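Number of protein chains: 2
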Amino acid sequence: MPAGPLTSVGIGDDAAVVGTPSGSVVAAVDLLLEGRHFLRDWSSAYDVGVKAAARSLADIAAMGAVPTALLVALAAPGSLPARWATDLADGLAYEATRAGAGVVGGDTARADSVVLSVTALGDLAGRSPVLRSGARPGDVLAVAGPLGHSAAGFALLSAGQGQGGSAPSGLVNAAVAGPLAGLVHAHLRPAPPYAAGPEAALLGATAMIDVSDGLVADLGHVAAASGVRLAIDSSALVTGGPLSEAAAILGETTSLGGTDRADSAPSLALSWVLTGGEDHSLVAAFPASAVLPSRWRVIGKVGSGTGVTVDGAPYAGDGGWQHFR
Amino acid sequence: MPAGPLTSVGIGDDAAVVGTPSGSVVAAVDLLLEGRHFLRDWSSAYDVGVKAAARSLADIAAMGAVPTALLVALAAPGSLPARWATDLADGLAYEATRAGAGVVGGDTARADSVVLSVTALGDLAGRSPVLRSGARPGDVLAVAGPLGHSAAGFALLSAGQGQGGSAPSGLVNAAVAGPLAGLVHAHLRPAPPYAAGPEAALLGATAMIDVSDGLVADLGHVAAASGVRLAIDSSALVTGGPLSEAAAILGETTSLGGTDRADSAPSLALSWVLTGGEDHSLVAAFPASAVLPSRWRVIGKVGSGTGVTVDGAPYAGDGGWQHFR
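Laid out in structure tokens, this is it:
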């Protein structure tokens, strides 16, 4: 692929940076497909809009940029209710507004299932983009935002699905009404910490990515691009609270916790944190001297070598997040 | 939809303009769907890449901007040959390069049919964008690039399809080998005159659009946005040459010329020019005093009132281009 004379970052990072004669723009595109990234039985149109917007906007934040705009292309069946499309637009607008961006363009077409393509644009305000390739031995790894919450919410929805037909029911309804509601919400409407992206850039972050495929999988991209080993300390990960509650419930009743294995509850919660995707939290490498605000939790360090380790060993679980198919 | 504080042009024009603190970027997104915008029996993967890129890049040119970058999202069946995807990428890269742009980002996913979303970015080099809304009574209308060629090529392919199965055959093969090859080529690989977009801006164009849905239909958007009447002089349109040859052949043998009517050959050629989409030529309004280079052909004028007329009367044909479905 030609990069073009004005391109400073092309294919291979979270977003592209294209110069204009007097500035630059950060741009990223992501697809959201019915049946793969969402089910209309589980997600309202508003949910889908939020999720589609978050997915692309998080890529902008992961470059250290401030989101400025979304362009949305929607293909949908002719039978789709008009209300569904307007609710979708409302969800997109909500999340764009939350990120500080506008919805500035779009296209529509007919298709057999719902296909959304969201392009996000952002601005670096003169800073250099934070790539995947800059992590150096001696840096610390830190994360902003939750890990494993979307995966746990997905597992709760799946368990309800297995029990009671197409709509969330039984166990899930109890979860939605109780303290686990936040996990289901996190799956349906991820809430990336957008402002943490530019903040990380200002703090001197050397590499950054958003967790869309799972912590281990996405850090694997950073390790490969930077030519370093990334060592996660599992004791620094948050597996208690609602995650351990959900794991206890699901571990007792089912092995459907997203892993097809009858994990013990602690290992189930940890597997969500290490491999769960779609939280779109930000993970970054910082110089060891950086003074990090409290929303950045140190979870490990950067060393010499290759790959990603958990507590000193390569992670033995399945590395990446599986979509519906 | 919120426009965002940095948006100077949002939904409703060919592309969006989003300021950066020190400049601006022009961005547009378009979908290209298998079965609707292309058939894999007719179009090679390379053709599809060219067409998808041209569709979005033309929107950038129609703002008076120079294309700088493409972001491509592809959803495709797992059964799609790897070669098809690489040929597609080659076609995208070819057309992007022809426009002076790079391919700077993308996303892929699994779907039941091929879905392409192409986002194009462009730069105005400090100029104001040429919107749909600026045409004024007294301006002249001019077009750069062919009109009706893609529609004629589609009609030739359709006629061959009707005669001989899924692959172009018979009449179409003769056409492809003969002087009508350019029309089929124009349908499969449209070649918008990108440089004419910024040129028009420099010449003082007051309004501009690319012809994606048909001349009458797209000028209808300009007329509505500008609050003017656009008067086309059919004698200034090019209906001779390959168009009249194709119309003569198809008019003799079939009524499949894209209209479902057994038109006479001259009216068939004219209907292609007035209603044929997907040439992605540029049509613009200029002050009457503008001295236009030869590639801009004057085809009418701007007056007071509403709507689009052809030789003084509202156009009686079907106004817009019909896709496959």
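Sequence lines, in order, name chains L and X.
Under numbering that gives the first Met the number 0, the first sequence is numbered contiguously, ending at residue 324.
Under numbering that gives the first Met the number 0, the second sequence is numbered contiguously, ending at residue 324.
Built from N, CA and C at the ideal position, the CB exists for glycine as well.
All figures in this text were calculated on a predicted structure; none of them were measured in a lab.
- For the segment 34-47 of chain X, the set of residues with a beta-carbon nearer than 7 angstroms to any beta-carbon of chain L comprises 35, in chain order.
- The segment 15-67 of chain L is shown to contain whole alpha helix (DSSP H) runs of 4 or more residues at 44-60, in chain order.
- Contact annotation for residue 32/X against chain L: 74, 108, 109, 110 and 114 [CB-CB distance below 9 angstroms, chain order].
- Burial of residue 308/X is indicated by the presence of at least 16 other C-beta atoms within 10 angstroms of its C-beta.
- By the neighbour-count definition (other C-beta atoms within 10 Å, threshold 16), residue 226/X is an exposed residue.
- Chain-ordered listing is empty here: chain L has no CB closer than 9 angstroms to the CB of residue 217/X, the nearest sitting near 15 angstroms.
- Taking CB atoms only, residue 79/L has no neighbour in chain X less than 8 angstroms away.
- Residue environment: residue 241/L is assigned as buried (16 or more neighbouring CB atoms within 10 Å of its CB, all protein chains considered).
- In chain order, 70, 104 and 106 make up the part of chain X whose C-beta sits under 9 angstroms from the C-beta of residue 27/L.
- DSSP, read as helix, strand or coil, puts residue 121/L in strand.
- Here residue 188/L carries a coil assignment [DSSP, helix/strand/coil].
- For residue 212/L against residue 60/L, the beta-carbon gap comes to about 16 angstroms, at or over 8 angstroms, which does not count as contact.
- Residue 285/L is bridged by DSSP to 139/L.
- Taking the Cα positions, residue 69/L is about 21 angstroms away from residue 42/L.
- Each of 108/X, 88/X and 72/X was checked against the Cα of residue 78/X, and the nearest Cα belongs to 108/X.
- Boundaries of the alpha helix (DSSP H) around residue 267/L: 264-274.
- Judged by beta-carbon spacing, residue 76/X lies within the 8 angstroms limit of residue 111/X, meaning their Cβ atoms are closer than that value.
- In this structure residue 65/X does not touch residue 24/L by the C-beta definition: roughly 14 angstroms separates them, more than the 8 angstroms allowed.
- Under DSSP, residue 313/L forms a beta bridge with 308/L.
- In the three-state reduction of the DSSP assignment, residue 210/X falls in the coil class, being assigned neither a helical nor a strand state.
- Classified as exposed, residue 290/X has fewer than 16 neighbouring CB atoms from the shown chains inside 10 Å of its CB.
- If you ignore the 5 residues before and after residue 264/L, its C-beta comes within less than 6 angstroms of the C-beta of 246, 247 and 250, all in its own chain and listed in chain order.
- Residues of the same chain with a CB within less than 6 angstroms of the CB of residue 276/L, apart from the 5 flanking positions on each side, are 211, 212, 213 and 320 in chain order.
- Taking C-alpha positions only, residue 57/L is separated from residue 74/X by approximately 21 angstroms.
- The Cβ atoms of residue 313/X and residue 306/X sit closer than 8 angstroms to each other.
- Following the DSSP letters along the chain, one finds residue 205/X in no beta strand (DSSP E), marked with neither H nor E.
- Setting aside the 5 residues that flank it on each side, residue 228/L is surrounded in the same chain by 222, 302, 303, 304, 305, 306 and 308, each with a C-beta closer than 7 angstroms to its C-beta; the list follows chain order.
- In the three-state reduction of the DSSP assignment, residue 237/L falls in the coil class, being assigned neither a helical nor a strand state.
- Two segments are said to touch when three or more pairs of C-beta atoms, one from each, lie closer than 8 angstroms; by this definition the segment 184-204 of chain L touches the segment 141-151 of chain L.
- Boundaries of the alpha helix (DSSP H) around residue 95/L: 81-98.
- Take the alpha-carbon of residue 97/L and the one of residue 294/X: they are about 47 angstroms apart.
- By the Cβ test, the segment 198-209 of chain L is in contact with the segment 127-138 of chain L, since at least three Cβ pairs between them sit closer than 8 angstroms.
- Within a 10 Å sphere around the beta-carbon of residue 274/L sit 16 or more other beta-carbons, which makes this residue buried.
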